[in-house]
Amino acid sequence: MNRLGLVLEGGGMRGVYTAGVLDYFLEKNIAVDGVIGVSAGSCHGVSFLSKQYQRNLRVNLNYLDDPDYLSMRNFLKTGSIFGMDMLFNRIPNELDPFDYDAFDRRKAEFVIVSTDIKSGKPHYHVAKDMHADIKYVQASSSLPLLARPVEADGTLLMDGGCSDSIPITYFKERGYTHNIVILTQHHSYRKGKNNLLPLIKCVYRDYPKLYEALKTRHIRYNQTLDELETLKRQGSVFVIQPSVPVNISRLEKNKQKLQDLYQLGYEDAKKAYPKLVQFLEKNGFSCES
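Residue 104 in this note's numbering sits at position 103 of the sequence shown, and the numbers go up by one each step.
(1) Suppose the cutoff is 7 Å on Cβ atoms and the five residues either side in sequence are ignored; what does the same chain contact list for S120 look like?
(2) With DSSP run on the structure shown, which of helix, strand or coil describes T178?
(3) Which stretch, first to last residue, makes up the beta strand (DSSP E) that contains A153?
(4) As an exercise, report each continuous alpha helix (DSSP H) stretch of at least 4 residues that is fully enclosed by the region 69-137, in chain order.
(5) Going by beta carbon distance, what residues of the same chain come within less than 6 Å of P246, once the five residues before and after it are set aside?
(6) If the criterion is Cβ atoms closer than 7 Å, does the pair V39 and G193 meet it?
(7) Between the region 109-127 and the region 148-166, can you find at least three pairs of beta-carbon atoms closer than 8 Å?
(8) The beta strand (DSSP E) with I241 in it runs from where to where?
(9) Just checking my contact of V138 with F89 at CB under 8 Å: how many whole Å lie between their CB atoms?
(10) Just to confirm the assignment, what range does the beta strand (DSSP E) spanning L7 have?
(11) Using a Cβ-Cβ cut-off of 6 Å (strictly less than) and excluding sequence neighbours within five positions of F83, which residues of its own chain qualify?
(12) Just to confirm, are V36 and F111 a CB contact at a threshold of 7 Å?
(13) Per DSSP, V39 is paired with what?
(14) On the criterion of 16 or more Cβ atoms from any shown chain inside 10 Å, does S244 qualify as buried, or is it exposed?
(15) Distance check for N75 and K254, CA to CA, integer angstroms please.
(16) With T19 as the anchor, note down where its alpha helix (DSSP H) starts and where it stops.
(17) Do the CB positions of G12 and T185 come within less than 7 Å of each other?
(18) On the premise that M131 lies in contact with H99, defined as a C-beta separation below 8 Å, what is that separation, rounded to the nearest angstrom?
(19) If we ignore side chains and look at the alpha-carbon of each, how far apart do H124 and D165 end up?
(20) Within this structure, are the beta carbons of Y101 and K271 separated by less than 7 Å?
(21) Give every residue of the same chain whose Cβ lies closer than 6 Å to the Cβ of R107, excluding the five residues on either side of it in the sequence, and list them in chain order.
(22) Determine the extent of the alpha helix (DSSP H) in which T231 is found, giving its start and end residues.
(23) Terminal residues of the continuous alpha helix (DSSP H) containing D261?
Okay, structure coming up:
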């Protein structure tokens, strides 16, 4: 039986592109059987599944000037440049409430990708209750050098991008025969070797397998991009990615740049929609929920 998956790459603040794509999907009532998110992709996937239109945009833009959201002060105070309490407690529970009930009513499976820093391997968690599972979203979003690891399942977890930036292989093995993949870099992008490896080796000297994962990350990432090209030709994957090169950083704080990137995601999804409909119909999927 064919199953349709949605694969969401991370990328820090570049994920606002994904927010634009997903809001267009919400307008068109596009339904999938499962969603898998990495880092920022997991954050955006949560609000997509609770069907909260433009919530991801608001969360990414409305609090940029608040030092509790993103600041060096946070880093010096807590070891994480993002304010984890604000992101994963105050915002979803007070400032811009997350619709837990709507999430519970979802039909799609939701998988959160993080990295076990002891083994250096991906950790895949199937979310059931976001009250309890929000810690896995936090772990998935905890960037090396910029955040502390999160303890869960008897181990320490960090950014899912360290070990599986674009988890298409895992989702295929999980039974998702066809997938929509949202990337946050232009088609011309290829990842280079991490320039901070000497610092990473020092900071994570007690976790050599995490260092090895980061040392070879660019190789795996580029191999996955090649695999996606093959899967596109075979007709089992539909990719949406920025139509122009993205010139913002993971920690971008320029609101206009972020707004523009969100709009680019929305417009790229809109332009891709006719071909997406063809992809879905050809493979036996309904275009709307």
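Beta carbons are placed, not taken as given, at the ideal position from N, Cα and C, and that holds for glycine.
Remember, it's a predicted structure, so these values are computed and weren't measured experimentally.
Looking at the atomic coordinates:
(1) Reading the sequence shown from its first residue, position 119 is the one you call residue 120. Excluding residues within five positions, the ones whose Cβ falls inside 7 Å are K210.
(2) Numbered from its first residue, the sequence shown carries residue 178 at position 177. Here T178 sits in coil by DSSP.
(3) Your numbering for residue 153 matches position 152 in the sequence shown. First-last of the beta strand (DSSP E) with A153: 151-153.
(4) 73-79, 101-105
(5) On the sequence shown, residue 246 is found 245 positions in, with the first residue counted as 1. Result list for P246: H187, in chain order.
(6) The residue labelled residue 39 in the question sits at position 38 within the sequence shown. The residue labelled residue 193 in the question sits at position 192 within the sequence shown. No, Cβ-Cβ distance for V39 and G193 is not below 7 Å.
(7) yes
(8) By one-based count along the sequence shown, residue 241 stands at place 240. It spans 238-241 - the beta strand (DSSP E) in which I241 sits, taken as one unbroken run.
(9) Here residue 138 refers to the residue found at position 137 of the sequence shown. Here residue 89 refers to the residue found at position 88 of the sequence shown. Contact flag correct, Cβ pair sits at about 7 Å.
(10) Your numbering for residue 7 matches position 6 in the sequence shown. First-last of the beta strand (DSSP E) with L7: 5-9.
(11) In the sequence shown, the residue the question calls residue 83 occupies position 82. Counting only Cβ-Cβ distances below 6 Å, and skipping sequence neighbours, we find L71.
(12) In the sequence shown, the residue the question calls residue 36 occupies position 35. In the sequence shown, the residue the question calls residue 111 occupies position 110. In contact: V36 and F111 (Cβ atoms closer than 7 Å).
(13) The count along the sequence shown starts at 1 and reaches residue 39 at position 38. For V39, which the question treats as bridged, DSSP gives the partners V114.
(14) For the purposes of this step, residue 244 is taken as the residue at position 243 of the sequence shown. Burial call: exposed.
(15) As a working mapping, residue 254 is identified with position 253 in the sequence shown. As a working mapping, residue 75 is identified with position 74 in the sequence shown. Distance between the alpha carbons of K254 and N75 is about 15 Å.
(16) Here the question's residue 19 lines up with position 18 in the sequence shown. Where T19 is concerned, the enclosing alpha helix (DSSP H) stretches over 17-28.
(17) In the sequence shown, counting from the first residue as 1, residue 12 sits at position 11. In the sequence shown, counting from the first residue as 1, residue 185 sits at position 184. Yes. Within cutoff.
(18) Start at 1 with the first residue of the sequence shown, and residue 99 comes out as number 98. Start at 1 with the first residue of the sequence shown, and residue 131 comes out as number 130. Note on identity: in this sequence residue 99 is Phe, with His being the wrong assignment. With 8 Å as the limit, F99 and M131 qualify as a contact, their Cβ atoms being about 7 Å apart.
(19) Position 123 of the sequence shown, counting from 1, holds the residue named residue 124. Position 164 of the sequence shown, counting from 1, holds the residue named residue 165. Approximately 9 Å between the Cα atoms of the pair.
(20) Here residue 101 refers to the residue found at position 100 when the sequence shown is read from its first residue. Here residue 271 refers to the residue found at position 270 when the sequence shown is read from its first residue. Result no, Cβ atoms of Y101 and K271 do not sit closer than 7 Å.
(21) In the sequence shown, counting from the first residue as 1, residue 107 sits at position 106. Closer than 6 Å at the Cβ level, and outside the excluded window around R107, lie L50.
(22) The residue labelled residue 231 in the question sits at position 230 within the sequence shown. Counting along the chain, the alpha helix (DSSP H) containing T231 begins and ends at 218-235.
(23) Taking the first residue of the sequence shown as 1, we reach residue 261 at position 260. Here the alpha helix (DSSP H) through D261 covers 256-283.
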